[in-house]
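First residue of the sequence shown? That's 43 in this note's numbering, and the numbers climb one at a time after it. The structure appears right after this line, and notes come after that.
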Amino acid sequence: MIQAMLLTLLVASANAEILILKDGSVLHGTINKEDADTVEIQTQDGTLQIKKDRIDRHYTPPHDASAPLEKINYAESTSTSTHTEHAEKKPWVDWEQQSRQRPVPAGRDLDRHSLNEISFNMGGFTPSAKLTLNGQDDVASPGLAYGGRYLRQTSAHAAFGIGFEKINPVMHNSETLITHAFTSSNFESSTVMGLAKLSTSGAFQLYVMGGLGFHATTLKIDAFPLAGYVWSDTGTFETRSVVNSTKSSAASMLQIGLDGDIGKSLSAGVELAYYYLGATTYDASPAAKQFGLVGINGAFAGVSFAGHFSARF
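Shown next, in the form of structure tokens:
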């Protein structure tokens, strides 16, 4: 009985065929039938229907039942099954060893590497918007921008995801924005955008990324009279809030950058981005409304130059 079972096992091993799928999976078994689109293979786990467009290799080992399967030299054989006699003959490739040897950047080979990426960035932000009241001046001085993003790679060169950014310029002082008054103005913004990224491949990757979403921005303007002047309604010269209003509108971003791999799943790089924070109306304070200022309408924009660190998983 034991000899009969052993003989059956050896015969099954001799008739076994191997399917190598494009995703790297390996199936051992016996081909039951085949049509124009599918191959039916009997494996130890049951009968499987495999579409032909998923198959990368179809190999029949030499019929030497005494040789262990793992010791068969696939590379020296170019024979193919009768089920693929019309297919192009391809030599066996040890894909596991090859993937360990070749320097493929992580996250770019969809079959063998991670598809998810989380990045954190921080750098300088230079606003380009102007304020106009009695006079005109910058709305804010250069400050910081920082945030993070999640991207899901959908092909070797394309990824989509979501990003969050915090824009914090520095307060800007002016003596020309309001006649006979010293003003301090600034805005702070938070953005949420859907992202689309296109990149090259290699150890260093150039990329371009666009974003579209929303911003929530707070505009602040404080003022007090210059020396020799007072507030006309009270005769005093204390600091008053002219605008302190938070509003939301559409936002967009265009970015170019360079990534460099620093490990199997880590990379770092630099980026240059232009942000546009869509127009909305920021309400004036009650004190400012006494002088006829109802609100300030406009859009903000600026350029960010930052470094970033990314992890893939």
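Heads up, the beta-carbon is just placed ideally off N, CA and C, and yes, glycines get one too. Quantities reported herein were computed from a predicted structural model and do not represent experimental measurements.
Next item on the list: Measure the beta-carbon distance from I209 to A187 and round it to whole angstroms, keeping in mind my assumption that it falls under 8 Å.
Entry: What you label residue 209 is simply residue 167 of the sequence shown in a count that begins at 1. What you label residue 187 is simply residue 145 of the sequence shown in a count that begins at 1. Yes, they are in contact, since the Cβ atoms of I209 and A187 sit about 5 Å apart, within 8 Å.
Notebook entry, point to check: For A171, which three-state DSSP category applies?
Noted result: Taking the first residue of the sequence shown as 1, we reach residue 171 at position 129. Coil.
Next item on the list: Report yes or no: do the stretch 239-259 and the stretch 212-219 share at least 3 C-beta pairs separated by less than 8 Å?
Entry: no
Next item on the list: Find the nearest neighbour of S327 within the set E230, T281, Q297, L193, judged by alpha-carbon distance.
Entry: Reading the sequence shown from its first residue, position 285 is the one you call residue 327. It is T281 whose Cα lies nearest to the Cα of S327.
Notebook entry, point to check: Is A258 helix, strand or coil by DSSP?
Noted result: Residue mapping note: residue 258 aligns to position 216 of the sequence shown, counting from 1. Residue state, collapsed to three classes: strand.
Notebook entry, point to check: Just how far apart, CA to CA, sit S291 and L69?
Noted result: In the sequence shown, the residue the question calls residue 291 occupies position 249. In the sequence shown, the residue the question calls residue 69 occupies position 27. Cα to Cα, S291 sits roughly 54 Å from L69.
Check: To which residues of the same chain is A330 closer than 6 Å at the C-beta, ignoring the five residues directly before and after it?
Finding: Here residue 330 corresponds to residue number 288 of the sequence shown, with the count starting at 1. For A330, where only same-chain residues beyond five positions count, the Cβ hits under 6 Å are V284.
Next item on the list: With 9 Å as the threshold, decide whether the Cβ of T221 is near any Cβ in chain B.
Entry: Included in the structure is just one protein chain, with no chain B present.
Next item on the list: Quick one: residues in its chain with C-beta nearer than 6 Å to the C-beta of Q91, no 5 flanking neighbours on either side, listed in chain order?
Entry: Translated into the one-based positions of the sequence shown, residue 91 becomes position 49. Contacts found: T80, E82.
Note to self: What residue range does the beta strand (DSSP E) around K64 cover?
What the structure shows: In the sequence shown, counting from the first residue as 1, residue 64 sits at position 22. Careful: K64 lies outside any beta strand (DSSP E) and carries neither H nor E.
Check: Tell me, which residues are paired with I204 by DSSP?
Finding: In the sequence shown, residue 204 corresponds to position 162, counting from 1. Beta-bridge pairing links I204 to Y192, G236.
Item checked: Own chain residues within Cβ distance below 6 Å of Y344, not counting five before or after -> Position 302 of the sequence shown, counted from the first residue, corresponds to residue 344. For the sequence presented, residue 344 should be read as Gly rather than Tyr. So the list reads F167, T168, P169, S170, Y317, once near-sequence residues are dropped.
Margin query: I'd like to confirm the pairing. Which residues does DSSP put opposite H70 in its beta bridges?
Written below: By one-based count along the sequence shown, residue 70 stands at place 28. For H70, which the question treats as bridged, DSSP gives the partners I60.
Next item on the list: Could you check the C-alpha separation between A269 and A341 for me, to the nearest Å?
Entry: Taking the first residue of the sequence shown as position 1, residue 269 is located at position 227. Taking the first residue of the sequence shown as position 1, residue 341 is located at position 299. Going from the Cα of A269 to the Cα of A341 covers about 32 Å.
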